[in-house]
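Residue numbers (this note's numbering), protein chains in the order written: chain A, 538 to 1071; chain B, 393 to 720.
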Amino acid sequence: MQRILDHFVFRRATVVALVVCALGLTAAAGVGTAATPRKGGTLTFALDRDAGCVDPQQSPWSTVQITSRPVLDSLIVRDPKTGDFKPWLATKWKISDNARTFTFTLRRGVTFSDGKPLNAAAVKANFDRIVNPATKSTFSLEFLAGYRGTSIKGDTLTVHFEHSNSGFLNAASTAFLGIESPATFAAGPAATCQKIVGSGPYTLTSYTPQKGMTLTRRPGYAWGPATAANKGVARLDKIDFRILPENGVRVASLKNGDVDAIANVPPRQVPSLKRSGATVLRKLQPGLPYSLVLNQQRAPFNQINARKAVRAAIDQDAISKSIYQLQYPAAHGVIGHATPGYDKSFDKLKSYDPKLANKLLDGLGYTKRDGDGYRVKDGKRLTIDWPVLTPAQYQRDVVAQLIQQQLKAIGIQAVLRPVPVFATTSLRASGNYGLLDPQIIRGDPSIISSASGTTSIGRVANKQLQALLTEGRQTIGTAKRNAVYAKAQKVAYDTVQWISVVDVVYLLGQSKKVNGITFDAEGYPQFYDAWLAG
Amino acid sequence: MARRLTAATGLLRNPLARVLIGRVLAGVPVVFAAMTLSFMLVHLLPGDPVNAVLDPTSSPTPEQRENLRHQLGLDGSLPRQFADYAGRVAHGDLGHSIQSGRAVSTMIGDTIGPSLQLAGAALVLALIASCAISLIQVSTRHRPIRALATILPPASLAFPGYWVGIVLMSIFAFGLGWFPATGADGLSALVLPAVTLAIPATAFLTRVLSAGLQEALAQPYVLIARAKGATPRRVVLRHAFRNGLIPTITVAGLAISYLLAGAVITETVFARPGIGRTVVAAVSQHDIPVVQGFVMLFAVVFVVVNIVIDLLYVVADPRITTGRAALA
Chain A
538 MQRILDHFVF
548 RRATVVALVV
558 CALGLTAAAG
568 VGTAATPRKG
578 GTLTFALDRD
588 AGCVDPQQSP
598 WSTVQITSRP
608 VLDSLIVRDP
618 KTGDFKPWLA
628 TKWKISDNAR
638 TFTFTLRRGV
648 TFSDGKPLNA
658 AAVKANFDRI
668 VNPATKSTFS
678 LEFLAGYRGT
688 SIKGDTLTVH
698 FEHSNSGFLN
708 AASTAFLGIE
718 SPATFAAGPA
728 ATCQKIVGSG
738 PYTLTSYTPQ
748 KGMTLTRRPG
758 YAWGPATAAN
768 KGVARLDKID
778 FRILPENGVR
788 VASLKNGDVD
798 AIANVPPRQV
808 PSLKRSGATV
818 LRKLQPGLPY
828 SLVLNQQRAP
838 FNQINARKAV
848 RAAIDQDAIS
858 KSIYQLQYPA
868 AHGVIGHATP
878 GYDKSFDKLK
888 SYDPKLANKL
898 LDGLGYTKRD
908 GDGYRVKDGK
918 RLTIDWPVLT
928 PAQYQRDVVA
938 QLIQQQLKAI
948 GIQAVLRPVP
958 VFATTSLRAS
968 GNYGLLDPQI
978 IRGDPSIISS
988 ASGTTSIGRV
998 ANKQLQALLT
1008 EGRQTIGTAK
1018 RNAVYAKAQK
1028 VAYDTVQWIS
1038 VVDVVYLLGQ
1048 SKKVNGITFD
1058 AEGYPQFYDA
1068 WLAG
Chain B
393 MARRLTAATG
403 LLRNPLARVL
413 IGRVLAGVPV
423 VFAAMTLSFM
433 LVHLLPGDPV
443 NAVLDPTSSP
453 TPEQRENLRH
463 QLGLDGSLPR
473 QFADYAGRVA
483 HGDLGHSIQS
493 GRAVSTMIGD
503 TIGPSLQLAG
513 AALVLALIAS
523 CAISLIQVST
533 RHRPIRALAT
543 ILPPASLAFP
553 GYWVGIVLMS
563 IFAFGLGWFP
573 ATGADGLSAL
583 VLPAVTLAIP
593 ATAFLTRVLS
603 AGLQEALAQP
613 YVLIARAKGA
623 TPRRVVLRHA
633 FRNGLIPTIT
643 VAGLAISYLL
653 AGAVITETVF
663 ARPGIGRTVV
673 AAVSQHDIPV
683 VQGFVMLFAV
693 VFVVVNIVID
703 LLYVVADPRI
713 TTGRAALA
């Protein structure tokens, strides 16, 4: 039901390239079972950036999610196909009815690579460390919001929260809450930024900032996640992560066999990579799609019809096609297609309707146009102040220009104002903007909460939506939760809390000899099942 | 005591030492200005400076904010903050990275080596190439070759650095396999990035050097040398070249700052660790202490390079100091 696989892609069967691509993905997913995995070899994987800190309990960067996942195990794993939770370090777990306490029973005999046992006390030490301000945690801390402590009893541990936190299970499955050896905590947070020690199938054996890191197989590993095909030790001797920041160089290095696989293939380079004989794995990432959020404190966008007009002016399909060569699909819903609990009925929606946009704006009294073709009312031009982050990622600056054109067509002037990334947090706090364009990767429908309410970019809380989101936090059980969040999606859509533009896709390039790289529920590559053909 | 005094006056009489002392003293306000600027960096941003280092998607606790404020030295009055900052910088403490917690001075120590290697190699290549091209330009009689030597350097400026880097990489690393494409292991990995960086530097060094040469060749002493029967080679190398070199020294100094700045792109393309990439990463990760530290570093490098150039002047043209002495 909460299909993470790209069912959406198959709908666009007319686009041959995508079908080929999707088939490539299916084929790659099947390889692990079709051929017998070979043991040995070093996989060289080129990343596009180095976060400077390898500890996911501190660093918010997605690249750390990728590099730390083979080193750290989590309590549970989320099945990317079904969205269900499965055992990993915890064999079973129980949630209290108000979703305030979570009890996990740990698997026995698990050790960290430094020889220390992974027991309930070790898990507690990790959570306590994350909430300690000295650790300077980012996302991990957010996931533990309202943490009141962990109590231990034998092999079980109970995590207590001040208020309902049904999203905690998903959080516990990510590397942000991956369990590190508490013996490493004494040396302070700067030390774990350079080296992390976990219980995973690989150990981090070297890290040089800007250059890369080497992971080495850990002998005796026998507690992989329930979702993996592999049950024993990892198949590769080593994983060599190299940092190649320049897109063209990364792609060329794969084509020439300098590296075996690369992260973040630029959409434009997908066809040439395929022609060279490489495979491109394509994985939709869940969460908040790349979206436009209007500041609802500013007139006329405090009015729902003004927001609807903006939505009707945005042609997502044109953006997906002309800027992302359809590699990033148009998003028409409220949350990403790959998010568990995504309401599929949004697939059929096409909000692009310039006629409707014009009608709505006429209805708001913006009937006249000035010499430049922009609508005016009471002598004031209809404008949106849009701070655009520089340097831009994923060609967002180009997207902004295309959207500027689309808005101009219905008589709205979008004023693009470049702002340095340093200023973003202040900007959000000040409310001095008409529109911002966020995107967040999160494998849970509770992501709607992060984008709603008075502290969000929209700055205005919708009572009905807030009530549903509170209900969502308190509800346990996948089906029940999804039902609540489906309602929330509908309200968020009807009241135009934000306008989704395109989904984010992880594009991974790999050579023919690479097998078994899979994706987790958040769409990040995983290497436990990976192996190299001889 | 008396001996020490003579030593001191002796030092002051030495023109080289006098220039050195004067230049170092002149460098102090420049470094101070750079320090003030890097201190103000965080205060010039709109809103609470603590926000500048926070990721917009994170929601820190008030406690974390206060810790961060303290860590950034942003608690207390502005003059107090500045005094603290200046005191720390004077002791060589440039603060710690927000992202990794590492000392900024350690980060500089780790990355400056590869960057200096790259900039140094590029400068040497650029100097050799520009000397060769300008000498060809003034001495050849073959018109097509002279035209080529004149057109090539400015034309090479038209190609962006990252593009040149990728082209060189695809020919010499991926195509011929002579050099590694990326990384910083060994001398062979230095060749392609150094060449990439040297090309634009060669272009503007050549321009200045050939202009200097042509000007020198038009001087009366060249005519006299020729009249006395010196060979063309002697005229160019002995008489004109030395004199034409002086403006080039100035430009070579500027080139060093340019090469360090250009290293940002070259280091990114060739995935070399270095100061350029560290700064770029720090900017995109809101890591203000690192950015501040590297602003200081660049200022110090700039001042040092200028001092060295001034000393080279004295060596190349003794008149420069005598002129100053006469004025004083």
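The beta carbon of each residue, even a glycine, is placed where N, CA and C say it ideally should be.
Of the listed residues the options, nearest to residue i (C-alpha basis)
i: leucine 519/B; options: Leu597/B, Val583/B, Gly645/B, Asp679/B; result: Leu597/B
i: glycine 715/A; options: Arg754/A, His697/A, Thr751/A, Arg666/A; result: Arg666/A
i: alanine 511/B; options: Ile657/B, Asp702/B, Pro545/B, Pro552/B; result: Ile657/B
i: glutamine 529/B; options: Leu433/B, Ser562/B, Gln509/B, Leu609/B; result: Leu609/B
i: serine 710/A; options: Thr648/A, Gly725/A, Pro624/A; result: Pro624/A
i: serine 611/A; options: Ala588/A, Val647/A, Thr600/A; result: Val647/A
i: asparagine 669/A; options: Ile978/A, Asn1052/A, Ala588/A, Gln595/A; result: Gln595/A
i: threonine 962/A; options: Gly1053/A, Asp587/A, Pro975/A, Lys811/A; result: Pro975/A
i: methionine 688/B; options: Phe566/B, Leu417/B, Gly487/B; result: Gly487/B
i: threonine 745/A; options: Thr640/B, Arg535/B, Arg664/B; result: Arg664/B
i: arginine 685/A; options: His697/A, Lys917/A, Phe676/A, Gln602/A; result: His697/A
i: lysine 618/A; options: Phe713/A, Gln822/A, Thr640/A; result: Gln822/A
i: glycine 604/B; options: Arg634/B, Pro506/B, Asn443/B; result: Arg634/B
i: arginine 933/A; options: Leu953/A, Lys732/A, Lys811/A; result: Leu953/A
i: glycine 916/A; options: Trp923/A, Asp922/A, Arg906/A, Val925/A; result: Arg906/A
i: glycine 569/B; options: Ser790/A, Gln1063/A, Lys629/A; result: Ser790/A
Reduced DSSP secondary structure (H/G/I, E/B, other) of residue i
i: glutamine 1047/A; result: strand
i: proline 746/A; result: coil
i: glutamate 1059/A; result: coil
i: glutamine 941/A; result: helix
i: aspartate 777/A; result: strand
i: valine 696/A; result: strand
i: asparagine 406/B; result: coil
i: alanine 1029/A; result: helix
i: alanine 425/B; result: helix
i: glutamine 731/A; result: helix
i: tyrosine 931/A; result: coil
i: glycine 686/A; result: strand
i: proline 924/A; result: strand
i: aspartate 974/A; result: coil
i: proline 891/A; result: helix
i: phenylalanine 566/B; result: helix
i: glycine 567/A; result: Per-residue confidence for glycine 567/A stands at a pLDDT of 43, beneath the threshold of 50, marking its modelled position as unreliable; no derived number is given.
i: serine 989/A; result: coil
i: glutamate 783/A; result: coil
i: isoleucine 541/A; result: Any answer about isoleucine 541/A is weak, because its pLDDT of 34 lies below 50 and its placement is not dependable; what the coordinates show is given next. Isoleucine 541/A: coil per DSSP, three-state reduction.
i: phenylalanine 664/A; result: helix
Interface partners of residue i on chain A, CB under 9 Å
i: isoleucine 558/B; result: Glu783, Gly785, Val786, Ala789
i: alanine 673/B; result: Arg586, Asp587, Ala588, Gly589, Pro746, Gln747, Pro782
Partners in chain A for residue i, counting only beta-carbon separations shorter than 7 Å
i: glycine 493/B; result: Pro726, Ala727, Cys730
i: phenylalanine 566/B; result: Ala789, Asn793
i: glutamate 607/B; result: Result: empty, since nearest Cβ-Cβ is about 41 Å, beyond 7 Å.
Residue i: contacting residues in chain B (beta-carbon distance under 8 Å)
i: alanine 588/A; result: Gln491, Gln677
i: serine 596/A; result: Gln491
Per-residue contacts from residue i into chain A (C-beta, under 8 Å)
i: methionine 561/B; result: Val786, Ala789
i: arginine 669/B; result: Gln747, Pro782
i: proline 665/B; result: Thr745, Pro746, Gln747, Lys748
i: asparagine 459/B; result: Pro670, Ala671, Lys673
Within chain B, partners of residue i - CB distance below 7 Å
i: aspartate 795/A; result: Ala573
CB contact below 8 Å: residue i versus chain C
i: alanine 444/B; result: The structure shown contains no chain C; the protein chains it does contain are A and B.
Alpha helix (DSSP H) segments (min. 4 residues) lying fully within the segment 583-636 of chain B: 612-619
Whole runs of the alpha helix (DSSP H) within the segment 570-615 of chain A, excluding any shorter than 4 residues: 599-605
contact_flag[the segment 420-428 of chain B, the segment 931-948 of chain A] where n(CB pairs < 8 Å) is 3 or more: no
Three or more C-beta pairs below 8 Å linking the segment 930-942 of chain A and the segment 855-875 of chain A: yes
Three CB pairs or more closer than 8 Å across the segment 775-788 of chain A and the segment 1017-1024 of chain A: no
Length-filtered (3 minimum) beta strand (DSSP E) runs lying within the segment 639-707 of chain B: none
Runs of beta strand (DSSP E) wholly within the segment 803-858 of chain A (minimum 3 residues, chain order): 816-831
The segment 754-763 of chain A in contact with the segment 671-685 of chain A per 3-pair CB rule at 8 Å: no
Segment contact, 8 Å Cβ cut-off, at least three pairs: the segment 1037-1051 of chain A with the segment 889-903 of chain A: no
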